[in-house]
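Q: Structure provided below as structure tokens; questions to follow.
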Amino acid sequence: MKNQKKLIIITGPSGVGKGTVVKEILSKDKNIWLSISATTREPRKGENEGKNYYFLNQEKFKEMIKQNLFLEWAQFAGNYYGTPLSSVNERIKKGFTVLLEIEVEGAKQIKEKFPDSLSIFLLPPNKAELERRIRNRGTEKEEAIKKRLLRANYEISASNQFDFELTNHNVDETANRIIKLIK
């Protein structure tokens, strides 16, 4: 991929506020485009095909893996997630900076393939706050919440593998700091 400087990776544990920070960044800078991931999980309430995710069945997703049509892909919590390569290349060619909001394993894959990309790991203010954020979503059962919290500990231990580590105390401040890093 040409122009890796136009590829920005935002990652961090579930519940850290990646989606909220990314929405704030997009509202402040119209030259940044959020890559839309594909997933095999079911849509959550309010999520729309082609806007939040491309919702695929496992067969279609696995076929795309075989054809190398993903920038990265990973299996997480029983579902597949991946970044379709074609839309990322298309936006970079049009002059956009492409933002990838992805889970940690996918972020590592991209950083390995595209070392000149900018990678940012969002950290929670503390573990209690992370748990509060995950629980306040109200989208998951207790068992899934516990899995996400265990996974978060592992992911946080990998935060030093990324270019920058930012603690997400305040969405507006975090978004502004990321925009400065991009510029």
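Note that the UniProt record's numbering gives residue 48 to position 48 of the sequence shown, counting from 1, and the numbers run on in steps of one. Each residue gets a CB set at the ideal place from its N, CA and C atoms; glycine is no exception. From a predicted model like this one, the values you see are computed outputs, not experimental measurements.
Between the segment 122-135 and the segment 87-94, do at least 3 Cβ pairs fall closer than 8 Å?
A: Flag = no, the segment 122-135 and the segment 87-94 do not touch.
Q: Buried or exposed: where does N168 fall if 16 or more other Cβ atoms within 10 Å of its Cβ makes it buried?
A: By the neighbour-count criterion, in which a residue is buried when 16 or more other Cβ atoms sit within 10 angstroms of its Cβ, N168 is buried.
Q: Identify whether Q75 lies in helix, strand or coil by the three-state DSSP scheme.
A: DSSP places Q75 in strand when its eight states are reduced to three.
Q: Look at I32 and G50 and say whether their C-beta atoms are less than 8 Å apart.
A: The answer is no: Cβ separation not under 8 Å.
Q: Assuming I9 contacts A107 under a Cβ cut-off of 8 Å, what Cβ separation, rounded to an integer in Å, is found between them?
A: 5 Å
Q: Is it the case that the Cβ atoms of I182 and L118 are separated by a distance below 8 Å?
A: yes
Q: Inspect the beta-carbon positions of T40 and N68 and report whether they are closer than 8 Å.
A: no
Q: Please state whether DSSP places E49 in a helix, a strand or coil.
A: strand
Q: So, are the CB atoms of A175 and K18 less than 8 Å apart?
A: no
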